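Numbering (the working numbering), first residue to last: 695 to 773.
Step one of this worksheet: look at the structure below.
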Amino acid sequence: GDGIEIPPTVKLNLGLDDEPSWILLREGNRFVWPGHDLRRIANADRYDYGFLPPRFFDSVRAALIAAVRAGKTRTTQRT
């Protein structure tokens, strides 16, 4: 598929809302961290919400690698 749904338990642990969220596999951005598009988390001195559980991260990584190898992804350079 084009994406992987983030499981509700993972979203809860990250402090995200309970609406469905997806990690899209077909497109990515290349930029210098932190980049002008990123915003700090409200009331925090950080940009990230936390870590993905290793098993979920591994499944996302494997799906992304498969999508890249199948030529189903594109990368956009952001400046």
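All C-beta atoms, glycine included, are put in the ideal place defined by N, C-alpha and C.
On a predicted model such as this, the values are computed, not experimentally measured, just so you know.
Which same chain residues end up closer than 8 Å to residue i when comparing Cβ atoms and leaving out the 5 residues on each side of it in sequence?
| i | result |
| --- | --- |
| residue 768 | 720, 721, 722 |
| residue 718 | 696, 697 |
| residue 706 | 712 |
Only counting the same chain, and skipping five residues up and downstream in sequence, which positions put a Cβ closer than 6 Å to that of residue i?
| i | result |
| --- | --- |
| residue 716 | 697, 699 |
Residue i and residue j look like a contact to me (Cβ under 8 Å); what is the Cβ gap, rounded to whole Å?
| i | j | result |
| --- | --- | --- |
| residue 749 | residue 741 | Rounded, the Cβ-Cβ distance is 24 Å, inconsistent with contact. |
Near residue i, which residues of its chain fall below 7 Å by C-beta distance, leaving aside the five closest residues on each side in sequence?
| i | result |
| --- | --- |
| residue 709 | 743 |
| residue 732 | 741 |
| residue 772 | 723, 724, 725, 729, 731 |
Between residue i and chain C, is the shortest Cβ-Cβ distance under 8 Å, so that the two count as touching?
| i | result |
| --- | --- |
| residue 737 | Structure shown: chain C not included; a single protein chain is present. |
Name the DSSP bridge partner or partners of residue i?
| i | result |
| --- | --- |
| residue 770 | 723 |
Margin query: Within 8 Å, do at least three Cβ pairs link the stretch 723-733 to the stretch 750-761?
Written below: no
Item checked: Complete runs of the alpha helix (DSSP H) confined to the stretch 698-765 [at least 4 residues] -> 702-708, 748-763
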